[in-house]
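Reviewing the structure listed below.
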Amino acid sequence: AQSVAQPEDQVNVAEGNPLTVKCTYSVSGNPYLFWYVQYPNRGLQFLLKYITGDNLVKGSYGFEAEFNKSQTSFHLKKPSALVSDSALYFCAVRDGEVVNFNKFYFGSGTKLNVKP
Amino acid sequence: EADIYQTPRYLVIGTGKKITLECSQTMGHDKMYWYQQDPGMELHLIHYSYGVNSTEKGDLSSESTVSRIRTEHFPLTLESARPSHTSQYLCASSDFYEQYFGPGTRLTVT
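One line per chain: the protein sequences are A and B, in this order. Heads up, the first sequence is in our numbering, so the first residue is -13 and it goes up one at a time. Heads up, the second sequence is in our numbering, so the first residue is 171 and it goes up one at a time.
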């Protein structure tokens, strides 16, 4: 079965400190992995993706994520958090099986709070 | 900014009314999706479409129905709204890789 786990409901970090939002996944084939951010009363905005190649991917607003195949993880990181980064973050995986290739599986979301 | 639109953005309606939530995209994507999301909570896939005249039910059972007569248009209909339908509904489309989301419709059924 395909699934995504975000083990932390909430992450608190001080402005200027590095942040990490964790994500682990389970998928039968090669995973396509994504991070999205959601601000209140808005849809999801795409941050970054891993398809193939370099395990460290860079995305929008200074975010990056590291793909670790052995640990089946895709943690989101940023070297220096901003108060404006406070939002809800979702990790997603695209099914590697050809039959269900079009379905995305989302984690339960992690609320990031960045305090001044 | 993704070219995917949802109307209305907010809707308050009484029990028993029929409603249609509109979703349109101008990117020419074949694949489109509807998700239901309670505020600040996880997303639940309720419907998806591979292309024109193709629709499938998602992982969460829903009393809503969808249609896909044109590539760019993927409306969702509730024949008889109930308070349990109160939620946010997100529409998305995808190319070969990521999904692009609309701004959502916040539905309240009184």
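Backbone N, C-alpha and C define an ideal beta-carbon position, used for all residues, glycine too.
Residue i - DSSP class collapsed to helix/strand/coil
i                : result
V69 (chain A)    : helix
S14 (chain A)    : coil
S254 (chain B)   : helix
I37 (chain A)    : coil
F266 (chain B)   : coil
S219 (chain B)   : strand
Y25 (chain A)    : coil
K188 (chain B)   : coil
F60 (chain A)    : strand
I239 (chain B)   : coil
L230 (chain B)   : coil
K89 (chain A)    : coil
M197 (chain B)   : coil
S(-11) (chain A) : strand
C261 (chain B)   : strand
S224 (chain B)   : strand
F244 (chain B)   : coil
T177 (chain B)   : strand
T280 (chain B)   : coil
C77 (chain A)    : strand
M122 (chain B)   : With chain B covering 171 to 280 only, the question about residue 122 (chain B) has no answer from this structure.
DSSP beta-bridge partners of residue i
i             : result
K44 (chain A) : A:E50
N99 (chain A) : A:N(-2)
Cross-chain neighbours of residue i in chain A, by beta carbon under 9 Å
i              : result
P273 (chain B) : N27, R28, G29
L230 (chain B) : Simply none; closest approach about 12 Å.
L246 (chain B) : Here the premise fails: no neighbours, minimum Cβ distance about 15 Å.
Per-residue contacts from residue i into chain A (C-beta, under 8 Å)
i              : result
R276 (chain B) : N27
G210 (chain B) : L74, G95, K97
L260 (chain B) : G29, L30
CB contact flag (residue i, residue j, <8 Å)
i              : j               : result
P17 (chain A)  : V79 (chain A)   : yes
D200 (chain B) : L215 (chain B)  : no
F32 (chain A)  : F49 (chain A)   : no
L74 (chain A)  : C9 (chain A)    : no
L213 (chain B) : F92 (chain A)   : yes
M202 (chain B) : A251 (chain B)  : no
L5 (chain A)   : V(-3) (chain A) : yes
E268 (chain B) : K35 (chain A)   : yes
L68 (chain A)  : V7 (chain A)    : no
G274 (chain B) : Q206 (chain B)  : no
V236 (chain B) : L248 (chain B)  : no
Chain B contact residues for residue i, given Cβ-Cβ distances below 8 Å
i              : result
N143 (chain A) : Outside the displayed range of chain A (-13 to 102) lies residue 143 (chain A), so it cannot be described from this structure.
F53 (chain A)  : Here the premise fails: no neighbours, minimum Cβ distance about 15 Å.
Contacts of residue i in chain B (Cβ-Cβ under 9 Å)
i             : result
Y18 (chain A) : Y267, E268
F32 (chain A) : A172, E268, Q269, Y270, F271
K35 (chain A) : Y267, E268
Contacts of residue i in chain A (Cβ-Cβ under 7 Å)
i              : result
L181 (chain B) : Simply none; closest approach about 13 Å.
Chain B residues whose Cβ lies nearer than 7 Å to that of residue i
i             : result
F92 (chain A) : E212, L213
Next on the checklist: Does the stretch 178 to 188 of chain B come into contact with the stretch 220 to 231 of chain B, if we say contact requires no fewer than three beta-carbon pairs (one atom in each stretch) closer than 8 Å?
Outcome noted: no
Checklist entry - Using 8 Å as the Cβ pair cut-off and three pairs as the minimum, do the stretch 195 to 204 of chain B and the stretch 235 to 254 of chain B touch? => result yes
Checklist entry - Any chance the stretch 19 to 39 of chain A sits against the stretch 255 to 270 of chain B, with 3 or more Cβ pairs inside 8 Å? => result yes
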